[in-house]
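Inspection log for the structure reproduced underneath, given as structure tokens.
In full-length UniProt numbering, the protein residues as written are 1 to 82.
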């Protein structure tokens, strides 16, 4: 019974963290699609913080975090050059 309660709490926490991570990444991608340089750079800084926090907590692997950040950074840099 206790394990079931714990599992439910963990599932809810994981879902919230996954949602926060995906939302942060999506915010950057949407800003890039809209060609909003300042918005994209600001969103990237926020997303980097969220991604690093998730990696530090062990929610995602550190290499996965690096991959997310690298991909987003490339999109923002291409936009900044344009």
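We treat Cβ as the ideally placed atom computed from N, Cα and C, and that holds for glycine.
Please identify the residue among the options whose C-alpha is closest to the C-alpha of residue i.
i: residue 80; options: 13, 16, 57 and 39; result: 39
i: residue 76; options: 42, 64, 4 and 5; result: 42
i: residue 65; options: 31, 3 and 21; result: 21
i: residue 58; options: 7, 8 and 18; result: 18
Mark residue i as exposed unless 16 or more other C-beta atoms lie within 10 angstroms of its C-beta, in which case mark it buried.
i: residue 27; result: buried
i: residue 12; result: exposed
i: residue 82; result: exposed
i: residue 15; result: exposed
i: residue 32; result: buried
i: residue 55; result: buried
If you measure from the CB of residue i, is any heavy atom of the ligand ATP nearer than 6 Å?
i: residue 28; result: This structure simply doesn't include the ligand ATP, nor any ligand for that matter.
Determine, for residue i, whether the minimum Cβ-Cβ distance to residues of chain C falls below 7 Å.
i: residue 52; result: Given the protein chain composition of this structure (a single chain), no chain C is represented.
Along the chain, which unbroken stretches of the beta strand (DSSP E) at least 3 residues long are found entirely within the UniProt region "Disordered" (1-20)?
-> none
Three-pair Cβ contact test at 8 Å for the region 18-34 versus the region 43-54 = yes
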